[in-house]
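*Asks:* Going by our numbering, the sequence shown opens with residue 53, and the numbers climb by one from there. Yeah, the Cβ is synthetic: ideal placement off N, Cα and C, and Gly gets one too. Pasting a structure here, questions to come.
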Amino acid sequence: MKTDLRHPLARARGLGSAKDGAGHWMLQRVTAVALVFLTVWLLCTVLGLLHADYAIARATLMKPWNAVLLIAFVLTMFRHAVLGLQVVIEDYVHTRWVEVTSLVVIKFIAVLAALTGVLAVVRVALGS
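In structure tokens, the structure reads:
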């Protein structure tokens with residue numbers, strides 16, 4: 053005999069987080085599409101520099117659009133990676149403290165790596 057007289061929707065409320073799942077999903081798709089175009093640009097640029105020396109490669113990166121696109125690639129790549137790893141950790145790590153610690157460590161490493169990549173591009177692009 054059914055003792056809970058609430059509507060199924062009322063029983064489901066509060067189970068899980070339905071606050072930002074759609075935004076997370078959409079951001080993952082947007083970064084994926086951006087990475088498709090940025091990767092095509094990067095491959096074309098790298099293949100164009102296949103037999104070039106360091107001076108030509110550096111001159112190519114000193115062009116403002118190339119530097120901006122490379123920075124966009126680095127930032128988008130790390131953001132997309134964090135989004136994907138976050139989903140995997142939230143789905144498959146069931147111990148709460150391990151989950152939270154893993155998410156914090158991954159975000160910290162990604163921010164540090166992205167800043168390092170951006171700094172490297174800026175240093176080469178500005179000629180220092």
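#1: Here's a check: name, in chain order, each residue in its chain whose Cβ is nearer than 6 Å to the Cβ of Val-85, leaving out the five neighbours to either side.
#2: Give the range of the alpha helix (DSSP H) segment to which His-76 is assigned.
#3: Please report the straight-line C-alpha distance between Ala-166 and Leu-127, rounded to a whole angstrom.
#4: Indicate the three-state DSSP secondary structure (helix, strand or coil) for Val-176 in the structure shown.
#5: Taking Thr-83 as the reference, give the member of Val-134, Leu-155 and Ile-161 with the closest Cα.
#6: Closest to Leu-137 by CA distance: which of Arg-58, Leu-57, Gly-100 and Trp-77 is it?
#7: Can you give me the Cβ contacts of Leu-121 inside the same chain, cut-off strictly under 7 Å, excluding the 5 residues immediately before and after it?
*Replies:* Based on what the coordinates show:
#1: none
#2: 73–100
#3: 6 Å
#4: helix
#5: Val-134
#6: Trp-77
#7: Leu-90 and Trp-93
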